[in-house]
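Sequential numbering of the sequence shown, starting at 117, is according to this note's numbering.
Shown next, in structure tokens, is the structure this report addresses.
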Amino acid sequence: MMDNDYAFKVFLSCLLASPMLWLISLYLLRRWSHFPAFFAANTALLIVYLYVLFHPTLISFGHDEYGLGRLFGLFCTVTAHVVLGFLFAVAFRWKRRAAMSA
């Protein structure tokens, strides 16, 4: 079973690495012909995430006096979005490079 301290360290590492992962993703996908549409779709998806997260009638966190539930949700949403985008960029680049060498 995972230790809570370990899970927190993994989450914190991903959170702190998110800006770098995002920049690396942009670099890996820069020559893709569909990159502008991909970037626009991801931006729109992130805006929808944030709208749903911060719209008080859509998601209720119960008693959240200091807003920490929403803040943690924001960090989790953005971090997960960036990490998934990075994994997509790496897989896409790897697949494209394999196709070009074949």
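Where is the CB? At the ideal position from N, CA and C, for every residue including glycine.
In its own chain, which residues sit with a C-beta less than 6 Å from the C-beta of residue i, not counting the 5 before and 5 after it?
i: Leu137; result: Val198, Phe202
i: Leu132; result: none
Under the three-state reduction of DSSP, which class applies to residue i: helix, strand or coil?
i: Leu162; result: helix
i: Leu145; result: coil
i: Phe127; result: helix
i: Ala218; result: coil
i: His197; result: helix
i: Gly189; result: helix
i: Tyr122; result: helix
i: Tyr167; result: helix
Would you say residue i and residue j are within 9 Å of each other, going by their C-beta atoms?
i: Thr195; j: Phe127; result: yes
i: Gly183; j: Leu169; result: no
i: Leu162; j: Phe154; result: no
i: Phe191; j: Ser141; result: no
i: Thr193; j: Tyr167; result: no
Apart from the five residues on each side of it in sequence, which residues of its chain come closer than 7 Å, Cβ to Cβ, to residue i?
i: Cys130; result: Thr195, Val199
If you draw a straight line from the C-alpha of residue i to the C-alpha of residue j, how long is it?
i: Gly185; j: His179; result: 9 Å
i: Leu174; j: Ser217; result: 49 Å
i: Phe151; j: Phe208; result: 12 Å
i: Ala214; j: Ser149; result: 18 Å
Can you tell me whether residue i sits near the ligand SAH, meaning its C-beta is under 8 Å from at least one heavy atom of the ligand?
i: Gly189; result: Among the ligands in the structure shown, none appear at all, so the ligand SAH cannot be discussed.
What first and last residue would you give for the alpha helix (DSSP H) that runs through residue i?
i: Phe174; result: What sits at residue 174 in the sequence shown is Leu, not Phe. Per DSSP, Leu174 belongs to no alpha helix (DSSP H) and is neither H nor E.
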